[in-house]
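Peer 1: As you go down the protein sequences, you meet chains A and B in turn.
Those letters in the first sequence? Residues -7 to 104, by my numbering.
Those letters in the second sequence? Residues 4 to 123, by my numbering.
Glycine included, every Cβ here is placed at the ideal spot set by N, Cα and C.
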Amino acid sequence: RKEVEQDPGPFNVPEGATVAFNCTYSNSASQSFFWYRQDCRKEPKLLMSVYSSGNEDGRFTAQLNRASQYISLLIRDSKLSDSATYLCVLYILTGGGNKLTFGTGTQLKVEL
Amino acid sequence: EAGVTQFPSHSVIEKGQTVTLRCDPISGHDNLYWYRRVMGKEIKFLLHFVKESKQDESGMPNNRFLAERTGGTYSTLKVQPAELEDSGVYFCASSISAGGSSGSGANVLTFGAGSRLTVL
Chain A
-7 RKEVEQDPGP
3 FNVPEGATVA
13 FNCTYSNSAS
23 QSFFWYRQDC
33 RKEPKLLMSV
43 YSSGNEDGRF
53 TAQLNRASQY
63 ISLLIRDSKL
73 SDSATYLCVL
83 YILTGGGNKL
93 TFGTGTQLKV
103 EL
Chain B
4 EAGVTQFPSH
14 SVIEKGQTVT
24 LRCDPISGHD
34 NLYWYRRVMG
44 KEIKFLLHFV
54 KESKQDESGM
64 PNNRFLAERT
74 GGTYSTLKVQ
84 PAELEDSGVY
94 FCASSISAGG
104 SSGSGANVLT
114 FGAGSRLTVL
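1. Going by Cα to Cα distance, which pick from Ser118/B, Arg25/B, Gln20/B, Val15/B is closest to Thr76/B?
2. One question on the structure: do Arg39/B and Gly91/B come within less than 9 Å of each other, judged by their Cβ atoms?
3. Kindly indicate which residue of Ser60/A, Leu65/A, Tyr43/A, Asp31/A has the alpha-carbon position closest to the one of Lys101/A.
4. Lys81/B touches chain A at which residues, Cβ-Cβ below 7 Å?
5. Round the Cβ separation of Ala59/A and Met40/A to the nearest angstrom and send it over; I've been treating them as touching at under 8 Å.
6. Using DSSP with H/G/I as helix, E/B as strand and the rest coil, what is Glu88/B?
7. If we count the other Cβ atoms within 10 Å of its Cβ and call it buried at 16 or more, is Arg33/A buried or exposed?
8. If you count every other CB in all the chains shown that lies within 10 Å of the CB of Glu88/B, and 16 or more means buried, which is it?
9. Counting only the same chain and skipping the five closest in sequence on each side, list residues whose C-beta sits under 7 Å from that of Thr149/A.
10. Under the assumption that Gly97/A contacts Tyr78/A (Cβ atoms under 8 Å), give the Cβ distance between them as a whole number of angstroms.
11. Measure the beta-carbon distance from Gly43/B to Ile29/B and round it to whole angstroms, keeping in mind my assumption that it falls under 8 Å.
12. Let me know if Gln99/A comes out buried or exposed under the rule of 16 or more other beta-carbons within 10 Å of its beta-carbon.
13. Pop quiz: Leu92/A and Phe48/B are said to be a contact at Cβ under 8 Å. What is the actual Cβ separation, rounded to whole angstroms?
14. Based on DSSP bridge pairs, tell me the residues matched to Ala116/B.
15. Answer with yes or no whether the minimum CB distance from Lys54/B to chain A is below 9 Å.
16. Return yes when at least one heavy atom of the ligand MN lies under 8 Å from the C-beta of Gly1/A, else no.
17. Determine the direct distance from the alpha carbon of Ser118/B to that of Phe10/B, and round the result to whole angstroms.
Right, here's the structure in full:
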C-alpha cells in the first residue's frame, strides 16, 4: 500500500465550481501535512499547511482527520489559474532525519 | 532573495554515461534535499543533507548515485553510469534548520525548478 493515496483525476470542472480533493495516508507517525501545487513542468510549491482544526486561505480550505488518516482540500469559486496538480504531502520526523512524502497528485483542469 | 537554483535544467545522455546535477540552496538553509519524479510516479525522497553531513540517504536507489555537499553550500548529485530507468526530474529543495527563527520553518521546503534527465 502506498504511504499517500490520491485520486489522480483529472477533475474537469467549469469556472466558478467548487471542487474537493481527498487524500489518505497510512503512516500514523506522520506529523505535519501539506498541500502543494505543481504546475506543468514546474517545481512543487507550498499551497497551505493542514491542521486538525481546519484552515482556510481565501478560496481554499484544508482539513485533517487524524483518526481516519484523511486529508482534504476544498477549492471554491474555481479559477482558470487553479488548473494544476495538487499534491498531498506528509512530513515525517524519523530517527534518521526528516522528509516529505508525496502523493502522486490530483490533476485539476478548470474550464470556461 | 534568490530561490533554489538547479543546473542543468535538462540533460540528455546515453546509457552508460555520467551526469552531474547541481543544486544551490537558498543562502542560510542548512537542510538540503534531493527528490526525484519518474514518469507517472510520485515524487520520491532520495536524501537529506544537514550542512555537509548526510542525515538520511535511505531513498538513494543504488550505488550508481553519489551525492555530495562539500562545505555545506551547494550540492551535486552524480549518476554514474546512467541507466534508462534513471530518467526523470530531479528536484532539489532546501529549508532552514529546526532551530531557525520560524518554529515550523524546518517543515517548509522550497523547491528548485528541477533538472530533467533523459537517458537514451
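Peer 2: Taking the definition as stated:
1. Arg25/B
2. yes
3. Asp31/A
4. Residues of chain A passing the Cβ test: none, with the nearest at roughly 21 Å.
5. Ala59/A to Met40/A, Cβ: 21 Å. No contact.
6. helix
7. exposed
8. exposed
9. In the structure as shown, chain A begins at -7 and stops at 104. Residue 149/A is therefore absent and cannot be evaluated.
10. 6 Å
11. About 30 Å separates the two Cβ atoms, so there is no contact after all.
12. buried
13. 7 Å
14. DSSP lists no partner for Ala116/B.
15. no
16. With respect to small molecules bound, the structure shown includes none, and the ligand MN cannot be examined in it.
17. 6 Å
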